[in-house]
Amino acid sequence: MDQKHYERRVAARAARSPVFKNCIAAFFFGGGICALGQGLSFLYRALGVPHRTAAALVTASLIFLAALLTGLGVFDKLARIAGAGTLVPVTGFANSVVSPALDTKNEGLVLGVGAKIFTVAGPVLLFGTLAGCIYGVIYAVFYGFFL
Amino acid sequence: MNRVLRLQVPIRIAAAASAVGYEEFRGPLGEKFDFHDDSDRFGESTFERAEGEIGHIALNLALKKAGLSHTEIDLLFAGDLQNQCVASSGGLLSFGIPYIGLYGACSTLGEGLFSAALALSGATALSRVAVVTTSHNSAAERQFRLPLEYGGQRTPTAQWTATAGGAFLLDREKQGVLITHVMAGRILDYGIRDPANMGAAMAPAAADSILTYLEKTRTAPEDYDAIVTGDLGREGSALLSELLLKHSVRLNNHSDCGSMLYYEKKQDSHAGGSGCGCSAAVLAAHFLPLLQGGALRRMLLIPTGALMSPSSIAQGGSIAGIAPVVCLEVL
Amino acid sequence: MLVDVLNAFWVGGLFCVLAQLLIDLTKLTPARVLVFYVVLGVFLGAVGVYEPLYDFAGCGVSVPLVGFGGAIARGVREAIHTDGAIGILSGGLTAASVGTTAALVFGYLAAIFFKSKPKRM
Numbered sequence: 001m002d003q004k005h006y007e008r009r010v011a012a013r014a015a016r017s018p019v020f021k022n023c024i025a026a027f028f029f030g031g032g033i034c035a036l037g038q039g040l041s042f043l044y045r046a047l048g049v050p051h052r053t054a055a056a057l058v059t060a061s062l063i064f065l066a067a068l069l070t071g072l073g074v075f076d077k078l079a080r081i082a083g084a085g086t087l088v089p090v091t092g093f094a095n096s097v098v099s100p101a102l103d104t105k106n107e108g109l110v111l112g113v114g115a116k117i118f119t120v121a122g123p124v125l126l127f128g129t130l131a132g133c134i135y136g137v138i139y140a141v142f143y144g145f146f147l
Numbered sequence: 148m149n150r151v152l153r154l155q156v157p158i159r160i161a162a163a164a165s166a167v168g169y170e171e172f173r174g175p176l177g178e179k180f181d182f183h184d185d186s187d188r189f190g191e192s193t194f195e196r197a198e199g200e201i202g203h204i205a206l207n208l209a210l211k212k213a214g215l216s217h218t219e220i221d222l223l224f225a226g227d228l229q230n231q232c233v234a235s236s237g238g239l240l241s242f243g244i245p246y247i248g249l250y251g252a253c254s255t256l257g258e259g260l261f262s263a264a265l266a267l268s269g270a271t272a273l274s275r276v277a278v279v280t281t282s283h284n285s286a287a288e289r290q291f292r293l294p295l296e297y298g299g300q301r302t303p304t305a306q307w308t309a310t311a312g313g314a315f316l317l318d319r320e321k322q323g324v325l326i327t328h329v330m331a332g333r334i335l336d337y338g339i340r341d342p343a344n345m346g347a348a349m350a351p352a353a354a355d356s357i358l359t360y361l362e363k364t365r366t367a368p369e370d371y372d373a374i375v376t377g378d379l380g381r382e383g384s385a386l387l388s389e390l391l392l393k394h395s396v397r398l399n400n401h402s403d404c405g406s407m408l409y410y411e412k413k414q415d416s417h418a419g420g421s422g423c424g425c426s427a428a429v430l431a432a433h434f435l436p437l438l439q440g441g442a443l444r445r446m447l448l449i450p451t452g453a454l455m456s457p458s459s460i461a462q463g464g465s466i467a468g469i470a471p472v473v474c475l476e477v478l
Numbered sequence: 479m480l481v482d483v484l485n486a487f488w489v490g491g492l493f494c495v496l497a498q499l500l501i502d503l504t505k506l507t508p509a510r511v512l513v514f515y516v517v518l519g520v521f522l523g524a525v526g527v528y529e530p531l532y533d534f535a536g537c538g539v540s541v542p543l544v545g546f547g548g549a550i551a552r553g554v555r556e557a558i559h560t561d562g563a564i565g566i567l568s569g570g571l572t573a574a575s576v577g578t579t580a581a582l583v584f585g586y587l588a589a590i591f592f593k594s595k596p597k598r599m
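Residue numbers (the working numbering), protein chains in the order written: chain H, 1 to 147; chain V, 148 to 478; chain S, 479 to 599.
This is the structure:
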């Protein structure tokens, strides 16, 4: 079998991920986390927190929860079922910061945790910030803020 | 090319021992392993050092079985999956045995037995040589994949690096389980780029080695009681059959250590086990006792390795495979 | 109120399903999907779709990483209005500061109090 033929054969026979099952799990876990966030947001507002502050508190709360579950070793087990359901909400961002931090503890707090904490989440920060700046430049030019 | 080397003096595997972690002990071969640690830490604070300790424990147990002291071993060949083989050098340091570190990815056991057998048959000053190979799931995940607590899903073709190791003591005695032939593998690259399908990357090398070995020795698969690959897993094993069928070779006696190490349904290893320790532990705990007990008379062991690094994968490189062959016979 | 929770649920769930499809059916790795989502959020914010979507689904759009991008876009825009062109550089991270700082601080604390456990099947 030549290489091209082999590559095609490998691709053809490789088992696919159970897409339907994964999507159902992603929907309920992901939706559940967002609904939990919404519920928390109402709770904070009921306690008299202004709207925008409540939104920030929700983010911080979910990140705290994800960090705790990651530390307890539960998050990866949930994520194996939930897939994108835990990855896409801010919980996934938190896990991608917390898990390298935990993992590199033995390499020291500065050169281990400090240097490696963004190894997984770095791209999100970089490209999010970059996209924001590009939008900012276009926006500033369009509305004449450079004048 | 003179590929198959028949040893003028067959080399005996005098003793062997294995040590494994939690998932391996839970697997179908669990009770056969000499040592297991459910914490996967083997008394160490890091998983990297734990991998070294697996080799340390296995070699100690093998020495104990043979009734030997480490001072009676003249040379040690060892390898693992960590950068610069640091698990082997760290874990086996305290024995003080002259040491040669090996890297052949998951095929390192084959390299080790190959090198040890040739050393013993060539250098009469050597009387006993040890071979140790190890792998550790958590150390491999950290080095090759993602942080341990990262929440992700593995693809169905992915394999599970075994937390396992084996130690083998070789000498020139003439009775018992003997290594009669060895063959080094060729590096074969069939363009597989998916690190989550290493079985596919290694299957062509295994097929090439088996076909070459059978052709050069003028033997057929039926001449062996078992043809055992290292860690092709279920995906790679199926591809191996397809590749061999193209040459009209059918293996009715094929086993794969990676496919044997975990339960297919009860354990979620996906395509099976892998790692240098996988074939070493399965050989030591399962196949050697079968050979010693007479259930098998002659077998081919073909440890398989996927040659890659995190950088080579990130740079879009393809994964080459390698598969040395060791022929074991009972005389 | 219950309607808002329900809207957050199904909109957020759909964002996750789309990501799951991208991961399972294309060659995109999870990291790339997340980058795509953040950039998508900035884009939705820039073209004025993010805000109405947020008014409808609340946490259903702000909790997924799209919300991170949406917040960056809004932060940049508002900073430009208050501080001028320097807002291009200051607005994004200011808007993303709660999430980033929380993740960093809790991540560091987690590293102090916990350690990684071996993976299990």
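Where a beta carbon is used, it is the ideal one built from N, C-alpha and C, also for glycine.
Within 8 Å of the CB of V/K321, no CB atom of chain H is found; the nearest one sits about 42 Å away. It is roughly 9 Å from the alpha-carbon of V/L386 to the alpha-carbon of H/R9. For S/R510, DSSP assigns no beta-bridge partner whatsoever.
Residue range H51 to G71 is occupied by the alpha helix (DSSP H) that includes H/H51. Against chain H, the CB of V/R292 has no partner CB under 8 Å away; the residue lies outside that interface. Annotation for V/I247: the continuous beta strand (DSSP E) segment containing it runs Y246 to L249. Between the alpha carbons of H/V120 and V/L239 lies a gap of roughly 34 Å.
Secondary structure within the region 314-368 of chain V: the beta strand (DSSP E) runs of 3 or more consecutive residues, fully enclosed, are 324-330 (chain order). Exclusion of the five residues before and after V/T302 leaves A343 as the residues of its chain whose Cβ lies within less than 6 Å of its Cβ. Scanning its chain for C-beta atoms nearer than 6 Å, with the 5 sequence neighbours on each side dropped, one finds around V/E200 the residues F189, E191 and G238, in chain order. Distance from the Cα of S/L480 is smallest, within the candidate group H/Q38, H/S61, H/R52 and H/G144, for H/Q38. Taking the Cα positions, S/G545 is about 44 Å away from V/A234. Non-local beta-carbon contacts of V/C423 in its own chain, meaning distances under 7 Å to residues more than five positions away in sequence, involve G226, D227, L228, C253, T255, L256, T280, T281 and S282 in chain order. No Cβ-Cβ contact shorter than 8 Å links S/V525 with S/G547. Contact between the region 457-464 of chain V and the region 361-378 of chain V is absent, with fewer than three C-beta pairs closer than 8 Å.
Annotated as proximal: V/H328 and V/V151, with beta-carbon spacing under 8 Å. As for any beta strand (DSSP E) of minimum length 3 sitting wholly inside the region 523-562 of chain S, there is none.
Of the candidates H/A56, H/Y139, H/S99 and H/G85, the residue whose Cα lies closest to the Cα of S/I564 is H/Y139. Using a Cβ distance threshold of 8 Å, V/S285 and V/L273 do not count as a contacting pair.
In this structure, S/Y586 lies away from H/V90, with their beta-carbon atoms at least 8 Å apart. When only Cα atoms are considered, V/G323 and V/A266 end up about 19 Å apart. Contacts with chain V at 8 Å (Cβ-Cβ) include H/L87. Of all alpha-carbon atoms in H/R45, H/G85, H/P123 and H/F29, the one lying nearest the alpha-carbon of S/I501 is that of H/G85.
If you look at V/H401, you'll find it isn't in any alpha helix (DSSP H); it sits in the beta strand (DSSP E) that goes H401 to D403. By the C-beta density criterion, H/F20 is exposed, having fewer than 16 other C-beta atoms within 10 angstroms. In this structure, DSSP gives V/H433 a helical state, which the three-state scheme calls helix.
In this structure, the alpha-carbon of H/K4 lies about 57 Å from that of H/T53.
Short of 7 Å from the beta carbon of V/V429, and not among the five residues preceding or following it, lie these beta carbons of its own chain, in chain order: L176, C404, M407 and L408. Scanning chain S for C-beta atoms nearer than 8 Å to the C-beta of H/T129 yields I550, G570, L571 and A574, reported in chain order. In this model, H/F64 and S/T572 are separated by some 20 Å (Cα to Cα). For the options V/L260, V/Q155 and V/R159, the alpha carbon positioned closest to that of V/D318 is the one of V/R159.
Legend: CB atoms of the region 412-425 of chain V lying less than 8 Å from CB atoms of chain S belong to residues Q414, D415 and S416. Under a 10 Å Cβ-count criterion, V/S268 is classified as buried, with 16 or more other Cβ atoms of the shown protein chains found around its own Cβ. Boundaries of the alpha helix (DSSP H) harbouring V/E389: G380 to L392, taken from the DSSP string. The region 208-266 of chain V is shown to contain whole alpha helix (DSSP H) runs of 4 or more residues at 233-239, in chain order. For V/T193, the chain H residues whose C-beta falls within less than 7 Å of its own C-beta are N106, listed in chain order.
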